[in-house]
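One point on numbering: in UniProt numbering, the residue at position 3 of the sequence shown is 3, and numbering is uninterrupted.
One structure is given below, encoded as structure tokens.
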Amino acid sequence: MRDFSSSHEWLSMNTATVRKQWQLPQIIDECARRGIRAISPWRDQVAAAGLQATRRQLKEHGMQLSGYCRGGFYTAADQAGLAVALDDNRRAIDEAKTLDAACLVLVVGSLPGALSGKPQYTDIARARNEVRDGIAASLEYAREVGMPLAIEPLHPMQAAERACINTLEHALDLCDALDPGQTGMLGVAMDVYHCWWDPKLEQQIARAGDAEHTRLLAYHVCDWLTPTRDLLNDRGMMGDGVVELKKIRGWVEQAGFAGFAEVEIFSERDWWQRPGGEVLDTCVARHKSAV
Numbered sequence: 001m002r003d004f005s006s007s008h009e010w011l012s013m014n015t016a017t018v019r020k021q022w023q024l025p026q027i028i029d030e031c032a033r034r035g036i037r038a039i040s041p042w043r044d045q046v047a048a049a050g051l052q053a054t055r056r057q058l059k060e061h062g063m064q065l066s067g068y069c070r071g072g073f074y075t076a077a078d079q080a081g082l083a084v085a086l087d088d089n090r091r092a093i094d095e096a097k098t099l100d101a102a103c104l105v106l107v108v109g110s111l112p113g114a115l116s117g118k119p120q121y122t123d124i125a126r127a128r129n130e131v132r133d134g135i136a137a138s139l140e141y142a143r144e145v146g147m148p149l150a151i152e153p154l155h156p157m158q159a160a161e162r163a164c165i166n167t168l169e170h171a172l173d174l175c176d177a178l179d180p181g182q183t184g185m186l187g188v189a190m191d192v193y194h195c196w197w198d199p200k201l202e203q204q205i206a207r208a209g210d211a212e213h214t215r216l217l218a219y220h221v222c223d224w225l226t227p228t229r230d231l232l233n234d235r236g237m238m239g240d241g242v243v244e245l246k247k248i249r250g251w252v253e254q255a256g257f258a259g260f261a262e263v264e265i266f267s268e269r270d271w272w273q274r275p276g277g278e279v280l281d282t283c284v285a286r287h288k289s290a291v
């Protein structure tokens with residue numbers, strides 16, 4: 001297991017962590033100023049800053065992308081909607097490739113319309129079939145372009161609105177079905193916020209791979225607060241909650257993951273209310289002490 005205590009060279013910042021304080025260009029500059037050498041930006045932030053401008057700025061700082069957020073949301077009420085989703089995912093793959101991201105993270109979607117409170121159907125089995133077919137179609141294009149896709153399983157509390165893949169086991173089952181040769185083009189983005197509770201977590205992480213071949217393409221860290229006041233936007237800073245972060249990272253690294261620990265914190269009541277510099281500085285310190 002790598003020693004993070006004296007360096008933050010393997011820290012990446014998911015730009016959602018300071019999205020309420022800064023626009024993307026300033027996030028990149030502030031990360032670079034602190035020696036944070038990787039980020040994972042969101043598509044709306046890149047669109048606001050400009051794709052080519054973002055690419056240039058990243059290159060100027062010598063900064064890498066641990067991932068790109070996000071593709072997915074494959075489900076729809078009709079064939080026209082499914083086609084729109086596939087087209088949007090193709091654009092996301094192209095953007096990720098332009099920025100030389102390590103992977104495109106897929107938040108796969110679930111009951112269409114549920115996010116706005118008006119689900120257009122309630123058949124979650126249908127949603128899972130549409131997700132499987134959508135990933136299979138995107139994978140064909142991703143292979144042509146050379147952009148790995150990372151399925152992110154989300155906590156079951158988000159099974160209706162955001163993702164109907166809710167365990168690492170389910171995500172790995174899809175990987176095995178769609179990419180049986182384990183080509184490196186389809187894997188998982190494992191976020192501890194969504195997976196820490198799973199009684200099969202250690203077993204499924206071990207299943208994900210080894211030093212030669214691993215399905216683990218991205219690793220996201222934060223903490224689970226007790227009590228959690230908002231299930232979407234009350235993530236904790238590492239070390240402030242109950243997740244056994246070092247133990248889980250040990251499992252992840254034994255399964256062949258050797259990339260960045262990406263901090264992704266949605267925190268409406270706390271960290272989004274603080275100065276951005278304080279947030280980044282705390283992330284650096286907790287990466288060394290808690291991750």
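Here a beta-carbon is modelled for each residue, glycine too, at the ideal position from N, C-alpha and C.
Please read these numbers as outputs of a predicted model, since none were measured by experiment.
DSSP, reduced to helix, strand and coil, places Val18 within a helical segment of the structure shown. Rounded to the nearest angstrom, the Cβ distance from Glu169 to Gln204 is 5 Å, consistent with a contact under 8 Å. Between the alpha carbons of Asn233 and Cys222 lies a distance of about 12 Å.
The Cβ-Cβ distance between Tyr219 and Ala261 falls below 8 Å.
Per DSSP, reduced to three states, the secondary structure at Ser12 is strand. Pairing Tyr74 with Val18 gives a Cβ-Cβ distance that is not under 8 Å. When Thr54, Gly256, Arg90 and Gly239 are compared, the shortest CA-CA separation from Leu225 is found for Gly239. When DSSP reads this structure, Ala163 sits in a beta bridge with Gly109. As computed with DSSP, Asp223 is found in a beta bridge with Gly236. For the pair Glu95 and Arg43, the CB atoms are nearer than the 8 Å cut-off. Distance between Ala206 and Arg37, taken at the CA atoms: about 28 Å.
Cα atoms of Ser110 and Pro25: separation of roughly 32 Å, rounded to the nearest angstrom. Of the residues Pro199, Ala32, Ala258 and Arg235, the one whose Cα lies closest to the Cα of His213 is Ala258.
Per DSSP, reduced to three states, the secondary structure at Gly187 is strand.
Annotation for Tyr68: the continuous beta strand (DSSP E) segment containing it runs Tyr68 to Gly72.
Rounded to the nearest whole angstrom, the C-alpha separation of Cys69 and Ala101 is 10 Å.
The beta carbons of Arg34 and Val192 sit about 23 Å from each other, so the pair does not count as a contact at 8 Å.
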